[in-house]
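**Student:** Going letter by letter, the sequence shown gives residues -21 to -1, 1 to 277 in mature numbering (1 follows the signal peptide of the UniProt record, and there is no 0). C-beta atoms are modelled at their ideal positions from N, C-alpha and C, and glycine is treated no differently. This one's a predicted model, so the numbers in the text were calculated from it and none came from an experiment.
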Amino acid sequence: MFLISLASLVILPALPSPLHTVSSTLPKSRLNSLQKIKHVPTRKWGAGASTTRKRMMLARQSNIHRASIVPRVVDKVSGGATMETAPAASFDVIEKAQEFLTKGAGYYSFPDESMYDDDFVFKAKIVGPLNKKDYIYTMNKLKPHTGIDVEPNAFGFTVDPANPLRVFFFVRVTGKHKRPWKYADAAFVEAIEPTNAEVKLPTEVAIAEFTPEGKCKFFSVGNVIYPFEGNSKGLGAIFGLLVAIGRLDIIKPGLDDNLRSFANWFAHTFPDTFGYVNSRSEDIPTWFKELQEEYSLK
């Protein structure tokens, strides 16, 4: 019976890619600003390209990664302020995203609280929104890295041309189940003993957005965009790990809306048992609730 509480694993089943075309996600009144964005064309190196030219092109591409003031496509930034330009930053946003993924997010190591903004939000299609406190609490309960040697194999890091503080990228998680994995602190939950099973998850798209000070303000993972690979039946993140090591029985209740709601109630009512599916409404940062209301999204 208590397996239904495992819905609080806060991991996303297959989700369509969030990389939609701008025209399908923005009101018409905002599309005119698209003309202001300068796109850097991709150039190929010919066989006779000089070393100097290659270095110049590499330097130019590297500069794209650094946050700077550019015209915004949308006029509302994370935080609720209406602005014509996104704020500048003195750090490389792609390097920051890579660092947060491996050292801060809680999937490949315990989460580093210092890397989070106080108004941080985690949100995906099924799980979330989770605020900073609830997300870190949840990942400290799940701690997948304690049982499985997981590697993100991240690639394709791209700075959003509409927001130089936001990065899109892909992960294709692999690993091996070498140690006992206790995915919750509830006394009645037993650790999953090592199976030595190989883990191969499908490709997921992830999003990390930062403040000008370099703190992560928004994060999303587990969004499977190509389910026809790996050994997790098309599922990503924690759900995918469990399937890959042969524990599909554990995650089945987590795919039911009603059981997830019960699991979230249970986790909030009985502390130090399971992680959360989402934060209480009153605990969600204002900037995110305003965006939910503006775009009529949950």
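Express the C-alpha separation of A187 and V106 in angstroms, rounding to a whole number.
**Tutor:** For V106 and A187, the distance between alpha carbons rounds to 16 Å.
**Student:** Just the Cα atoms here: how many angstroms apart are G25 and K179?
**Tutor:** Interpretation of G25 is limited by its pLDDT of 43, a score under 50 that renders its predicted location unreliable; the figure taken from the coordinates is listed afterwards. Answer to the nearest angstrom: the Cα atoms are 36 Å apart.
**Student:** Taking P90 as the reference, give the member of Q77, K122, D97 with the closest Cα.
**Tutor:** Cα-wise, what sits closest to P90 is K122.
**Student:** Count the other C-beta atoms from every protein chain shown that fall within 10 angstroms of the C-beta of K120, then say buried if there are 16 or more, exposed otherwise.
**Tutor:** By the neighbour-count rule (16 or more Cβ atoms within 10 Å), K120 is buried.
**Student:** Quick check on the burial criterion: 16 or more other C-beta atoms within 10 angstroms. Buried or exposed for K17?
**Tutor:** Confidence at K17 is low in this model, with a pLDDT of 42, below 50, so its placement is unreliable and the value that follows should be read with caution. The residue is exposed, with fewer than 16 neighbouring Cβ atoms inside 10 Å.
**Student:** May I ask you to report which of helix, strand or coil DSSP gives G219?
**Tutor:** G219 falls in the helix class under three-state DSSP.
**Student:** Straight-line CA distance for S199 to R226?
**Tutor:** Distance between the alpha carbons of S199 and R226: 24 Å.
**Student:** Roughly how many angstroms separate the alpha carbons of A185 and E269, rounded to a whole number?
**Tutor:** If I take the Cα positions, the gap works out to 22 Å.
**Student:** Opposite I127 in the DSSP bridges: which residues?
**Tutor:** BP columns for I127 point to H156.
**Student:** Under three-state DSSP, which class holds P199?
**Tutor:** Looking at the sequence provided, one finds Ser at residue 199 rather than Pro. Note: S199 maps to strand in three-state DSSP.
**Student:** Closer than 8 Å is the cut-off here; do at least three beta carbon pairs connect the region 94 to 104 with the region 133 to 148?
**Tutor:** Verdict: no, contact absent.
**Student:** Out of curiosity, what's the CA-to-CA distance linking V168 and C195?
**Tutor:** Distance between the alpha carbons of V168 and C195 is about 32 Å.
**Student:** Nearest-angstrom Cα distance between I171 and V222?
**Tutor:** Taking the straight line from one Cα to the other gives about 12 Å.
**Student:** Alpha carbon to alpha carbon, how far is I43 from R145?
**Tutor:** Bear in mind that the predicted position of I43 carries a pLDDT of just 46, short of 50, making it too unreliable to give a figure here.
**Student:** Excluding the 5 residues preceding and the 5 following T174 in the sequence, name in chain order all residues of the same chain whose CB lies nearer than 7 Å to its CB.
**Tutor:** The answer, listed in chain order, is H156, I224, G225.
**Student:** Within its chain, find whatever has a CB closer than 6 Å to the CB of K212; leave out the 5 residues flanking it on each side and keep chain order.
**Tutor:** Within the same chain, K212 has close Cβ partners V222.
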